[in-house]
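Participant:
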Amino acid sequence: MFRVTTDPLSVQQVNDLVKRPTDGAVVSFDGIVRNNFDGRPVHYLEYEAYAAMAEKKLAEIGAEVQQKFAIGEIAMIHRIGRLDIGESSIVIAVAAPHRHAAFEACAYAMDRVKTEVPVWKKEFFADGADHWVNQN
Amino acid sequence: MQITVKLFALMREKAGTDTIPLDVPAGAAVTQALATLVCQYPMLEPYLANTRLSLHMDFVDPETTLAEGDELVLIPPVSGGA
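Taken in sequence, the protein lines are chains F and A. Letter by letter, the first sequence follows residues 2 to 137 in our numbering. Letter by letter, the second sequence follows residues -7 to 74 in our numbering.
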């Protein structure tokens, strides 16, 4: 499953989407809203997406990862809207017969998300300022 | 012909809108549409160098030819994930 949603994410629910009886490993990545940007206190974040293209790109990355690594199913769900400190912004789960492929595939998938999926993060600082990450 | 430009994130805020209808010559390339766009919205010009372009939910080159009714989406540097 490859989705963009405003709903809170559950790692367990995403893990359950990819499990099969033939897989001995599920590796998941849980991206968390951090409380600072280079030490500057962050109050909360807002994520914006070009949702239709983001879901298409997530699916393309999923297919690419399945070609590249000996894995089974992969799921990636990105949350958008306002997120508070400690909440999950993205969950990626990869199932595989053996753990090494699952670890590598999960890391690779996240790296691809960082460059190819049209989602944007705006940080709202504790001092009242805000900025779009990477856009000035 | 008429196309639509879609904006997100900082460029959306700078332009004050997320949708800009644009008249371009038939057979125009994306680069021509962008030149027309910055005439009307000069505040977007500083960001175009770092902006990727999308048609039909795929990244495209600036030389790509546009068709009537196309939705040209400007994709600033992405910052998804954590």
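Glycine is no exception: its CB is placed at the ideal position from the N, C-alpha and C atoms.
Taking buried to mean at least 16 other C-beta atoms within 10 Å of its own C-beta, is M35(A) buried or exposed?
Facilitator: exposed
Participant: Does G61(A) have its Cβ less than 8 Å from a Cβ in chain F?
Facilitator: For G61(A), not one C-beta of chain F is nearer than 8 Å to its own C-beta.
Participant: Please state the DSSP three-state secondary structure of N37(F).
Facilitator: strand
Participant: Helix, strand or coil: which one does DSSP assign to P13(A)?
Facilitator: strand
Participant: In terms of residue numbering, what span does the beta strand (DSSP E) encompassing I78(F) cover?
Facilitator: For I78(F), the uninterrupted beta strand (DSSP E) run begins and ends at I75 to R80, by DSSP.
Participant: Name the chain F residues that come within less than 8 Å of L40(A), Cβ to Cβ?
Facilitator: Listed by position along chain F, the residues whose Cβ is nearer than 8 Å to that of L40(A) form an empty set, because the closest Cβ is around 12 Å away.
Participant: When DSSP labels each residue in this structure, what does K115(F) get in the three-state scheme?
Facilitator: helix
Participant: Distance, Cα to Cα, P22(F) vs K69(F)?
Facilitator: The C-alpha of K69(F) is placed about 22 Å away from the C-alpha of P22(F).
Participant: Please confirm whether Q68(F) has its beta-carbon closer than 8 Å to some beta-carbon of chain A.
Facilitator: no
Participant: In chain F, which residues lie less than 8 Å from A1(A) when you measure between Cβ atoms?
Facilitator: Within chain F, E49, W121, K123, W133 and Q136 have C-beta atoms less than 8 Å from the C-beta of A1(A), given in sequence order.
Participant: Does the count of Cβ pairs from the segment 56 to 69 of chain A and the segment 69 to 87 of chain F closer than 8 Å reach three?
Facilitator: no
Participant: From Y109(F) to V66(F), what distance separates their C-alpha atoms?
Facilitator: 8 Å
Participant: Measure how close the beta-carbons of C107(F) and S29(F) come, nearest whole angstrom, since I'm counting them as under 8 Å.
Facilitator: 7 Å
Participant: Quick check on E55(A): buried or exposed, where buried means 16 or more other Cβ atoms within 10 Å of its Cβ?
Facilitator: With fewer than 16 other Cβ atoms inside 10 Å of its own Cβ, E55(A) counts as exposed.
Participant: At a CB distance below 8 Å, what residues from the segment 89 to 109 of chain F approach chain A? Give them in sequence order.
Facilitator: S90 and I91
Participant: Within the segment 16 to 50 of chain A, note down every full beta strand (DSSP E) run reaching 3 residues or more, in order along the chain.
Facilitator: 44 to 47
Participant: Along the chain, where does the beta strand (DSSP E) containing R4(F) start, and where does it finish?
Facilitator: F3 to T6
Participant: Assuming the contact rule is C-beta atoms closer than 8 Å, A97(F) and I72(F) should be a hit. Round their C-beta distance to whole Å, please.
Facilitator: 4 Å
Participant: Between L45(A), Y39(A), G72(A) and K6(A), which lies nearest to T92(A) when the distance is taken from Cα to Cα?
Facilitator: The structure shown does not extend to residue 92(A), since chain A spans only -7 to 74, so no value can be given for it.
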